[in-house]
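Undergrad:
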Amino acid sequence: NRDNNVEKKKKKKKLLQLVPSGALLMCPFVDYTKPKGSFIEYIAHDLIVNESVFEEGEQYLQTLGSEESNRRESPVHRS
Numbered sequence: 002n003r004d005n006n007v008e009k010k011k012k013k014k015k016l017l018q019l020v021p022s023g024a025l026l027m028c029p030f031v032d033y034t035k036p037k038g039s040f041i042e043y044i045a046h047d048l049i050v051n052e053s054v055f056e057e058g059e060q061y062l063q064t065l066g067s068e069e070s071n072r073r074e075s076p077v078h079r080s
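For the sequence shown, the positions run 2 to 80 when my numbering is used.
#1: Looking at Phe30: is its Cβ nearer than 7 Å to the Cβ of Ile44?
#2: Along the chain, where does the alpha helix (DSSP H) containing Lys41 start, and where does it finish?
#3: Sorted by chain position, which residues of the same chain lie with C-beta nearer than 6 Å to Glu74's C-beta, five sequence neighbours on each side aside?
#4: Which word fits Asn5, buried or exposed, when buried means at least 16 other C-beta atoms lie within 10 angstroms of its C-beta?
#5: Report the CB separation of Glu8 from Lys35 in whole angstroms; it is logged as a contact under 8 Å.
#6: Hey, how far is the Cα of Gly23 from the Cα of Pro76?
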């Protein structure tokens, strides 16, 4: 019985090592509400969210519908 418990603990420890301890979001669009502030102000200088990325994002936001549905679908507002 003791050996069985030791094996279970080893398996549990091994599984816990596989579980990620965090996440990094690599997408500029985690907030689907209307872009504002620095998102708009620095678009010409931003190396990631440049004008073409912004234009593509705008098209996607329009497919979601209203501002309220955009907010509901935003990953940043789901947490």
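No residue lacks a Cβ here, since even glycine has one placed at the ideal position from N, Cα and C.
TA: By the coordinates alone:
#1: no
#2: Sequence inspection shows Ile at residue 41; the Lys mentioned does not correspond to that position. From DSSP, the alpha helix (DSSP H) with Ile41 extends over 39–42.
#3: Tyr33, Leu65
#4: exposed
#5: Between Lys35 and Glu8 the Cβ distance is about 55 Å, and since that is not below 8 Å, they are no contact.
#6: 16 Å
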